[in-house]
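S.K.: Residue numbers (full-length UniProt numbering): 1 to 136. The beta carbon of each residue, even a glycine, is placed where N, CA and C say it ideally should be.
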């Protein structure tokens with residue numbers, strides 16, 4: 001079974017999480033700082049190949065009403081570029097409240113709120129929610 005990689009997309013930083021080889025557990029992997037779409041696509045492609053990824057899941061920050069936001073539209077544009085350049089399935093996943101949940105989770109663990117840590121924890125929460133939806 002190929003792994004699933006989740007992305008918490010940001011204009012400067014991207015949080016990355018990945019499943020275990022059996023696709024049952026989500027774990028934060030890293031935070032990528034990027035300067036351009038090309039740079040980010042190259043790095044995501046390398047990570048996907050190195051980790052035998054079969055699905056890349058992007059958090060989609062819709063509004064509370066479920067409508068597209070400026071950031072969700074930016075993510076959709078990026079995902080379209082990525083799909084043209086990578087031979088791996090790419091999906092969007094509703095991520096409303098994920099960043100706030102990540103901050104609260106880290107504070108509850110006494111780990112503070114460093115942005116780079118929040119990004120990868122947010123990616124792991126996106127992935128956990130996706131995995132949970134498949135178990136139901």
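Can you find at least 3 beta carbon pairs, one from the stretch 60-71 and one from the stretch 20-34, that sit closer than 8 angstroms?
M.R.: no
S.K.: Would you say the stretch 49-65 touches the stretch 30-40, given that touching needs at least three Cβ pairs under 8 angstroms?
M.R.: no
S.K.: If you scan the stretch 63-92 from start to end, which runs of the alpha helix (DSSP H) of 4 or more residues do you find wholly inside it?
M.R.: 70-85
S.K.: For residue 92 and residue 44, which I take to be in contact (beta-carbon distance under 8 angstroms), what is that distance rounded to the nearest angstrom?
M.R.: The Cβ separation is near 15 angstroms, so there is no contact.
S.K.: Could you tell me if residue 1 is buried or exposed, where buried requires 16 or more neighbouring beta carbons within 10 angstroms of its beta carbon?
M.R.: exposed
S.K.: Quick one: is residue 22 buried, meaning 16 or more other Cβ sit within 10 Å of its Cβ, or exposed?
M.R.: exposed
S.K.: Short of 7 angstroms in beta carbon distance, which residues of its chain neighbour residue 79, apart from the five on each side in sequence? Order them along the chain.
M.R.: 58, 90 and 92
S.K.: Here's the rule I'm using: 16 or more other beta-carbon atoms within 10 Å means buried, otherwise exposed. How should residue 124 be labelled?
M.R.: buried
S.K.: So, under 8 angstroms CB-CB, residue 20 and residue 14 are touching, yes? Tell me the CB distance rounded to an integer number of Å.
M.R.: That pair is no contact at about 21 angstroms.
S.K.: Output the distance between the C-alpha atoms of residue 40 and residue 134, rounded to the nearest integer angstrom.
M.R.: 28 angstroms
S.K.: Taking buried to mean at least 16 other C-beta atoms within 10 Å of its own C-beta, is residue 38 buried or exposed?
M.R.: Classified as exposed, residue 38 has fewer than 16 neighbouring CB atoms from the shown chains inside 10 Å of its CB.
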